[in-house]
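Protein sequences appear in the order of chains Z and Y.
Residue 151 in this note's numbering sits at position 140 of the first sequence, and the numbers go up by one each step.
Residue 96 in this note's numbering sits at position 86 of the second sequence, and the numbers go up by one each step.
By construction, the Cβ of each residue, glycine as well, lies at the ideal position given by its N, Cα and C atoms.
Treat the numbers as computed from the prediction; the structure is a model and nothing was measured.
Worksheet: the structure to be examined is printed underneath.
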Amino acid sequence: MNENRRQILEMLAAGKITADEAERLLAALEPDAVNASEFTGRTANGATVKTRAKYLRVLVEADESMTGMKGQTTVNVRVPMQLLRAGVRLASLIPAQAHEHLDQALNRHGVPLTLSQIKPENLEELIDHLEDLTVDVEGKEGNGTKVRVFCE
Amino acid sequence: MTPNIAIVQIEAPRWRTPPLWLPLFLLWIPALLLAPVILLVMFGVCVAGRVNPGRAIATFWAILCGLPGTRVHVTTHESKVLVRIL
Numbered sequence: 012m013n014e015n016r017r018q019i020l021e022m023l024a025a026g027k028i029t030a031d032e033a034e035r036l037l038a039a040l041e042p043d044a045v046n047a048s049e050f051t052g053r054t055a056n057g058a059t060v061k062t063r064a065k066y067l068r069v070l071v072e073a074d075e076s077m078t079g080m081k082g083q084t085t086v087n088v089r090v091p092m093q094l095l096r097a098g099v100r101l102a103s104l105i106p107a108q109a110h111e112h113l114d115q116a117l118n119r120h121g122v123p124l125t126l127s128q129i130k131p132e133n134l135e136e137l138i139d140h141l142e143d144l145t146v147d148v149e150g151k152e153g154n155g156t157k158v159r160v161f162c163e
Numbered sequence: 011m012t013p014n015i016a017i018v019q020i021e022a023p024r025w026r027t028p029p030l031w032l033p034l035f036l037l038w039i040p041a042l043l044l045a046p047v048i049l050l051v052m053f054g055v056c057v058a059g060r061v062n063p064g065r066a067i068a069t070f071w072a073i074l075c076g077l078p079g080t081r082v083h084v085t086t087h088e089s090k091v092l093v094r095i096l
């Protein structure tokens, strides 16, 4: 606990400030408030807007041992998030009669998923959280393969 | 906005193309001419698959409009392929 926080709590305990005032003071000290402001911008009329990732980037660097081709192979793919959002909507177009077959096939391959339970709003939520995702994969010794997935 | 231009560049060990600017907006001409047929086929497929045709068209349109900004760049030791959609 830092000194400022301790002083506020001591003032509250001594009855010098009310609980509401202590709450406001503690909130002002909250480090998250500072971090949050770093990732938000302000419009001309003062409204706060959160900047959102526009693209999903997939970077792959594979060496000869992985591809069987001479030299290093690199793949750099940039997919707009808008396209990703539209793509997941395709799942809602899967005919209901196909759900059962797909569920059975997924179960056979060790993916216990029930497609009928996935709603478009769940997929939207998934895409929203994808913006916070970063995947970094590096091969073990002798394998120089690297995979990076992130949003920008 | 729908994709207007695609830029394709291919480099092989013995030859290479300059960046090819493909005017995708010209595809609107055959697409508009064939629109009645395309819509009819889509409607038939949707009815057969028991899918809401309105939702299917909206999804297809959203995918089309999401394409601009896509970039695929593959490089190997001797060759390179770059595709950009604007």
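Residues of chain Z with a CB under 7 Å from the CB of Y:A72: which are they?
A97 and R100
Go through its chain and collect everything with a Cβ distance to Z:G150's Cβ below 6 Å, but skip five positions before and after it.
T156
Could you name the residues of the stretch 33-67 of chain Y whose beta carbon sits closer than 7 Å to any beta carbon of chain Z, in the order they occur along the chain?
G59, R60, V61, R65 and A66
Out of Z:E135, Z:E14, Z:P106 and Z:M80, which one is the CA nearest neighbour of Z:S127?
Cα-wise, what sits closest to Z:S127 is Z:P106.
Does Z:A159 come within less than 8 Å of chain Y when only Cβ atoms are used?
A small correction: the amino acid at residue 159 of chain Z is Arg; Ala does not occupy that position in the sequence shown. Answer no: the Cβ-Cβ gap between Z:R159 and chain Y never drops below 8 Å.
Since Y:E21 is in the beta strand (DSSP E), which residue starts that stretch and which ends it?
Element bounds for Y:E21: I15 to E21.
Can you confirm whether the stretch 106-121 of chain Z touches the stretch 138-150 of chain Z when touching is taken to mean that 3 or more C-beta pairs between the two stretches lie within less than 8 Å?
no
If you drop the 5 nearest sequence neighbours on each side, which residues of the same chain put their C-beta closer than 6 Å to that of Y:A66?
C56
Counting only Cβ-Cβ distances shorter than 9 Å, please list the residues of the stretch 126-158 of chain Z near chain Y, keeping chain order.
Flagged: no residues at all.
On a Cα-Cα basis, can you pick out the residue from Y:L30, Y:H87, Y:W71 and Y:G76 that is closest to Z:R89?
Y:G76
Pick out whichever of Y:S89, Y:G54 and Y:F70 has its Cα sitting closest to the Cα of Y:T12.
Y:F70
Local conformation of Z:D147 per DSSP, three classes
strand
Would you check if the distance between the CB atom of Z:I138 and the CB atom of Z:L95 is smaller than 8 Å?
yes
What would DSSP say about Y:T69, mapped onto helix, strand or coil?
helix
When you compare the CB positions of Y:L34 and Y:A16, do they come within less than 8 Å of one another, or not?
The answer is yes: Cβ separation under 8 Å.
Using a Cβ-Cβ distance cut-off of 8 Å, determine whether Y:R81 contacts chain Z.
Yes, Y:R81 lies at the interface with chain Z (some Cβ there is under 8 Å from its Cβ).
So Y:T85 contacts chain Z; which residues on that side make the cut at Cβ distance below 9 Å?
Q83, T84, T85, V86 and N87
Would you say Y:I12 reaches chain Z, if we count a Cβ-Cβ gap shorter than 8 Å as a contact?
Here residue 12 of chain Y turns out to be Thr, not Ile, going by the sequence shown. Using beta-carbon distances, Y:T12 does not count as an interface residue toward chain Z, since no partner is under 8 Å.
Starting from Z:I28 and walking both ways along the beta strand (DSSP E), at which residues does that stretch end?
Note, Z:I28: premise wrong, no beta strand (DSSP E); not H, not E.
In three-state DSSP terms, what is Z:T78?
Correct three-state label for Z:T78: helix.
For chain Y, is any of its Cβ atoms less than 8 Å away from the one on Z:D43?
Here the model assigns Z:D43 a pLDDT of 46, short of 50, so the residue's position is not dependable and the matter cannot be decided.
Assign Z:L67 to buried or exposed, taking buried as 16 or more other Cβ atoms, counted over all protein chains shown, within 10 Å of its Cβ.
buried
Beta-bridge partners of Z:P91, as assigned by DSSP:
Z:Y66
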